[in-house]
Structures are given as structure tokens and as C-alpha cells.
Ligand code: NA
Ligand code: NA
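Here it is as C-alpha cells:
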């Protein structure tokens, strides 16, 4: 019994993500003798993450590559990495992820979503038209957040500023006209969306760790024979790890490109840094109190980070 | 079986079945064949609520109706007559430019025809152009301007192509620069055609006089600043492009109802009702077309069609000719954003192989899609124009075809003369 | 009966007017809040987009009152009045069936969404925003069913 798995994603055709996912899919088809096939619908043609989830429910699609936040209705805990300024470096993320990824993957699995290795998207940074060094510099800034994204609004509000919600399509012209002057995004994102020509400064503190999930509907995955399931998991894990690795390189390259463009990276003083961290910690606490984040795994992350920092 | 169903649906459509039901039936039949739950129809329809750009449709339509109900079109005619009355075809040229700029901001979803048409169609006939000519002009102008900044399709092309072009720079700025002269070429050619087409027709010329200009400006003293007000508001960061429609609607409401007092408050609900019925008719078609597009994408129809066409490509010239034909068909079938997302990644590698610059491909792509909007028999803007001006569709066809041929010629020039697009970048 | 219909018409008209004015008001209010008071309503944009969907579908409902939808009218003018009655009857039936199917499937969609319990914005459940789809198509179905019946009666009553 052959199973075809239709996957939607917002990654455009031709991007590194699509290339690697297709390579993985081809290998799965080859090894399983076409018993398991993937079909991709890239570039967001199937709609945004909400529309894709609806289509998975009615079985038009059987999976998708999602931004992690879109899956919180299946498992609240998948948002535990999305705490502002929680990690100071990629190495800290790697250490924590080594311990905590399983928690997310298993949690989503219990929620009916089979997912494999998480695909790290790197850090989002604060990018702006005029320098932002301290928390106080955020006052009177016109900070963009995606419209209808409560998590972003909450995290920006926690720094004591009211953000401006706009559709993605308005961001570039918004930056040009001065409607907004500050955005938060990853270096790759800034280059791909060509916002980098409109900003001058990047505050060199990792703001938020973002990652994506390659998810398959559990009902569909269970139709695959156990042996083939193992093949799919093995091959896809490998492909996704490759994406994770290449994405890291791409972010490094993008940072170089941004520097070459003449964008200045601002590193705050130790004192200012402490203030950022303290404000961010309060934001995390607020998310936990509001029930948007489960407390136990959040505490576990803190413990892991403490342990890691002590050993440095 | 499938051919019977398609045939039947075409017969129903020709017998006058509401177009939205024909589209729903086609989409449902397709999804049924693919064994997809038909509630997908509602999922697709609800995507209207995820599309920020559609906000412009009701707001600009309402503003257009208000302007149409007041004496604005008369004042517009007086104004252009005073300033440009000495140029043959003055108002027609103004209409092309105005529509192109408007579409650049709103996209080509039919807003231009419904909103600007309310103003320009009566203005053109008042100025002495024939009904037939005015109808064709307004219908054609509904997608003019896709190549001008800040056109969203152009930006989307830039983002998609940037990641695939392998080294060649496809910055959005370059696309904006590349679009300027092709867009200008289209407007100039349409203008020349307009003057020529009206050579036997007595559109009276008037002599230029400063006094006339002054009094015409004074009469339209509240309406002339509107576009300046909107441009200023956007470019100095007071509001977003997506908010310009609401600002316009509010401005026009205040000016026509409270200042000029040409529309009694009592009449306002009726105008709103009439304009929103128009919006409903169009939005319903757009919504169910999303569902049909989704079926075609699910079945990978555009990709298969392209693969089929690709087998005939033997040279750059053949590729360009096929590209023109293919894109014209595509423009009438898919919505423009889906078409860009799906087709650009397929076409770009082939185009690069034949040495076509990715920026040039973007201009070719959109120039063709632009004509697709009013290519008979199924270009969406034809139906919207017929609905808006209460004209039978065959009359719209006949009125539009000459303009279409002119634009087709300009697209050929744009396609086979890359320097026109590329010399600024 | 005609009382009920005229009340329904008044409700529809009032909805169109208030939805449009609400949309204009909300967007302009947002601009004023942002420029004058450095603040904004976070859920205003998603709300406005849902209102656009409502406005469109209610507009489509009103368009159905008089069978005033976008259609191709090439063939009908060459038909005799008698024959046109039959084709019209047929078209009304076709439209009724298609709209009824659309009502059924969008109602199922809304029920699924209700079971899902997602929020659209603020604390408004998303199914409430989607409810307009089956309601609009339901009313369009009824209107075309009545056209069908009216036409059927006309065919079987001899011309006076
Ligand atoms: Na338009
Ligand atoms: Na927009």
C-alpha cells in the first residue's frame, strides 16, 4: 500500500530548505521502492500556517513545514525556546537543545503530529534605523510586529513599548517611509525580504531563537509500515539536520553580507546588557504566569543554562 | 465524463448562470475527483480574511461611488480641458496615467475598474469620447500599472527570483527601475492609439487659458489635493499603503457630503448599499476562484502544462514566444500571486539557460499577466467591467480588443527588446 | 411573509452600512491612535479583514435578491421568451443546488472549527467569524430556490 504525503511550506521553490527536503523525499521514495512518496507545495501556495493546518485536518494535505509557534495548539510546550534573550550564543542553544528537543518532539507526537529533527532558524535580532543600545533606547521607537501575532506583541510590550502591527507586505515601504523604524528578524530573513537596505543598525544581542518543524499528520504516518516508518524517520532526520547545519552557515554569511552593506553591529556595555536580561527575564516570567509557557520545562532550561555557564 | 462536465458547465455559463456557481461547480468536481473533502471550499473562501490587500476593494469602491454620484467627473473634465484641452486625446491620456498609478497601489484585483471607472467613464463620455471607446479604455486600464512601484506582484517576484537567480542581482529597486520604461511604453502606445482612434470623432479642442485653469482648479479645490494628501501621508510615514484606502474613503466622504454637499446624508445608505452589492459580487468570484486555483495547484496543472510547453523549446526565440502564449493563458486562469509563486521557480532556470536576465523575465512575466486580466473570453476584468457598467459581455469584448492588440504589440516590444527594461540598472 | 422579507432586507441593508462605516472608522482610528498617542489596537487589523469578508458575503446575499451576479449573457438574447423561461428555470435549479452544496460543506467546516476551538483575535472564536459563510450561502440558496419556484409557476400558468 503506497502512501503519498502532501507537504505544504512557505519556503519558496529553489531555496536551500526546499532543495534539502526534496533530496530527502527522493531518497525515501528510492529506498522504499515508491511505497512512501512526498509531494511538495512550496511558497505558501496552500495558504498560511492556519490554512495549512485546516487542510491537514480534512486530509487534503498530510503535513507541512511550520514555524514552531503555529503548532502550539497541539502542544503548548513547543514554545519553550521562544523566550526573549534567553540564550547568549548558538552554543548555549545547542547545549539546551541536546537535552530538550526530545521533550518538544514527544509532546507534539502526543498531540497527533509526527515531527523529526527540529530545524533551527537562528536568532532574530533587533534591526533599526537609529542605534538601540539600552532598553531605554526602545522608547519612542516604532517597532513592527506581524499582525495577529500575540506572542510578538507580548514580547515587545514587555520592554515597555507599544508595537505597530502591519501585514508583511507593508514592512518594506513602512521602513522607507518611517511608518516603522525597528524590526526584529533573522539575518537571513532580512536579506531575503530585502529589508536590509532600509536599516542601519543591528543590536548585537540574540533576541529570540526561532525554529521550524517538519510535521506529518500522525494518522497518515501510521498508515506506513513500521519498517518504512524507520526509513522515513532516518532519511528525513538526516535531511533536516543538514538544513539545520546549512541554515547556521547561511546566517553567518548573511551577517557578513549585512556588515559589508555597512550596517553597524552595536554591542551594549555589561551594565546595559544586564538591564536587557533583567527585563527579558520578567517577560518570560509573565508568559509563564499567563499560562502561555509550561513552568517545569522553562525551569529546566534555566537550570541547564546555569550549568552550562558555570562550566565555561 | 470530465469533458462532458466541463462542456455542460460552459453551456450553463453561456446560458447566464451566475459565474460564481460555475466556478464553484468546477472546483467541487475537481476536488471530488481527487477525493478531497469539499469543506476545502470554505477553507479557501475564508482565506479572503487573510488577505490584507483586499481591504482596498470595498473602501475604494465606496469612494469611487461617492465621486461618481457627485459632480466630480464634471469638474475633472473641466480641469483636464483647461490644462490639457489643447492636446488631442488629453483626457484619455490623463485616464491612462491615473489608472496606472492607482493600480500600482491597489493591485489589479478589479478595484481600478470599479472605483476609477465610476469617475472616468462618465468623464470620458462627457468630454465627447464614444461610449464604446470609453468602455474599452476603462476596462483596459484596470491592470495598467502592475509594473510601477510599489506594485506588490513586482515585489513578490523580486523576493522569489532573488533566491533562485544564482548570482544575478534581482533587487526590488532594480525591478522598480526596470518597470518604468515598459510601463511608459504601454501608456504612450495606448495614448497614440487613442488619438488615432478618435481622429474622425469631434472631441473638441480648447485653447489654453490661465484664467480657465485657475477657475477649474478653484472649483475642484477639495478634490485635487486628495491624491497629494494620500501620497504625502504614505511617504512621510503617517499611514501604511494598506491604510490608504480608508483614508481616501474618509476624505471623500467628508468632502462630498459635508463640504460640497452634493450628496444628501439621506442618500448615503443607498449609495453604500449599491456599492457594497458590487463589492459582494466581485469578492464572491475572487473567493471561489481561490478555491479553483487551489484545485489546479493541488492537481499540479500549471506545472504539467509548463513541462508540456517546455518540450517544444528549441531556442531563445521559441522560448520567448511560448512564454508569451503560456503567460497569457495563465493570466486568465490563476490569480497573479499564485502564478508568480508557482511559475517563476519553473521558468527562471530555463530563462537563465537562454541568457534572459532575471529582471527582464520579471517584467515580461508581469506585462503578460497584465494582458491576461482582460483577454477574452475569461479575463476577470472583462466580467467586472460588464458588471460595473451594466453592459453585455460581448460589447465589452468588442470594446476592449483594440486596446488589447495595442498592448500585445507593446508586450512583444518589451519581450524582444531587453534593453528597454535593463538600461537603467 | 412579505413583512418578514422586508424586515430581512432592512437588516441586510443596515448591516452593509454599519460594517462599511465600522471598517473605515477602525482603520482611521488606528492611524489617529498611532500618530497622536503612540499606541494602537492589536486586534484591529485581523478584525477589519474578517469584516471585509462579512461585508463581501452580505453584499453577495443582497445581490442575490435580484439575481444580480456576474454572469455571461451572450446566448440569452437570441432565445425566444418561451425557451428562455426553460433555460432560466434550469439555471435557477443549478444555482440552487450548487449553493445548497456550498451551504452544507461550509456548515460542516464551521462545525469542525467549533470543535477545534481556535481563537481568531482577542477572545473571539474563529468559528464565529466563519459563520457568515454558511449563513450567506444558505440565504442565497433560499433566494434562488424561490426564483426557481416562481419561474415554475409562471410556466404552468397560462398567459392572461
Ligand atoms: Na486594479
Ligand atoms: Na498591503
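Residue numbers (my numbering), protein chains in the order written: chain A, 737 to 1048; chain B, 86 to 510; chain C, 9 to 168.
The C-beta atom is built at its ideal place from N, Cα and C for all residues, glycine as well.
- Annotated three-state conformation of residue 773 (chain A) is strand, per DSSP.
- The beta carbon of residue 768 (chain A) sits closer than 6 Å to those of 964, 967, all from its chain and outside the five residues before and after it, given in chain order.
- Residue pairing by DSSP places residue 79 (chain C) opposite B:103 in a beta bridge.
- Distance from residue 179 (chain B) to residue 201 (chain B) at the Cβ level is roughly 11 Å; contact not present, criterion being Cβ atoms closer than 8 Å.
- Proximity to residue 47 (chain C) across A:892, A:1045, A:977, A:1001 peaks at A:892, based on C-alpha coordinates.
- For residue 864 (chain A), the uninterrupted beta strand (DSSP E) segment begins and ends at 855-864.
- Residues of chain A with a Cβ closer than 8 Å to the Cβ of residue 103 (chain C) do not exist; the shortest Cβ-Cβ separation is about 25 Å.
- The stretch 80-131 of chain C is shown to contain whole alpha helix (DSSP H) runs of 4 or more residues at 89-124, in chain order.
- Of all residues in the stretch 245-269 of chain B, those with a C-beta nearer than 8 Å to a C-beta of chain A are 245, 247, 248, 249, 256, 257, 258, reading in chain order.
- In the displayed model, residue 134 (chain C) falls within a helix according to three-state DSSP.
- Excluding sequence positions up to five before and after residue 417 (chain B), its CB lies within less than 6 Å of the CB of 457, 460, 463, 464, all in the same chain and listed in chain order.
- Restricting attention to alpha helix (DSSP H) runs no shorter than 4 residues, the stretch 367-396 of chain B encloses them at 386-395, ordered along the chain.
- Contact annotation, residue 211 (chain B) with residue 159 (chain B): C-beta distance approximately 7 Å; criterion of less than 8 Å satisfied.
- The alpha carbon of residue 873 (chain A) has as its nearest neighbour, out of A:839, A:910, A:918, the alpha carbon of A:918.
- Approximately 6 Å separates the beta-carbon atoms of residue 59 (chain C) and residue 27 (chain C); this is inside 8 Å, confirming the contact.
- As the crow flies, the alpha-carbon of residue 149 (chain B) is around 22 Å from that of residue 237 (chain B).
- For residue 137 (chain B), the nearest CB of chain C lies under 8 Å from its own CB, placing it at the interface with that chain.
- C-alpha of residue 756 (chain A) to C-alpha of residue 336 (chain B): approximately 51 Å in a straight line.
- In the displayed model, residue 936 (chain A) falls within coil according to three-state DSSP, outside both helix and strand.
- At least one C-beta of chain A is nearer than 8 Å to the C-beta of residue 47 (chain C).
- Taking residue 506 (chain B) as reference, the option from B:131, B:444, B:474 with the minimal CA-CA separation is B:444.
- DSSP lists no bridge partner for residue 748 (chain A).
- Assigned with DSSP and collapsed to three states, residue 143 (chain B) falls in helix.
- Comparing alpha-carbon positions, the option among B:274, B:290, B:185, B:147 lying closest to residue 214 (chain B) turns out to be B:290.
- One thing to note: residue 433 (chain B) has its Cβ within 8 Å of the Cβ of residue 246 (chain B).
- Just measuring C-alpha positions, the residue of C:55, C:9, C:14 sitting nearest residue 130 (chain C) is C:55.
- Residue 500 (chain B) sits in a helix when the DSSP states are folded into three classes.
- When 7 Å is used as the limit between beta carbons, residue 849 (chain A) is near no residue of chain C, the shortest such separation being about 14 Å.
- If you look at residue 62 (chain C), you'll find it isn't in any beta strand (DSSP E); it sits in the alpha helix (DSSP H) that goes 52-73.
- Residue 971 (chain A) is a Cβ neighbour of residue 764 (chain A), given a cutoff of 8 Å.
- Chain order gives the chain B residues near residue 35 (chain C) as 328, 331, where near means a beta carbon separation below 7 Å.
- Secondary structure note for residue 341 (chain B): it is in no beta strand (DSSP E), with a DSSP letter that is neither H nor E.
- Near chain C, meaning a CB-to-CB distance below 9 Å, the residues of the stretch 899-912 of chain A are 899, 900, 901, 902, 903.
- If you check the CB distance, residue 196 (chain B) and residue 141 (chain B) come in under 8 Å.
- Under the Cβ distance rule, residue 50 (chain C) counts among the residues neighbouring chain A, one pair being separated by less than 8 Å.
- Excluding its 5 nearest sequence neighbours in each direction, residue 384 (chain B) has C-beta neighbours in its own chain below 7 Å: 115, 119, listed in chain order.
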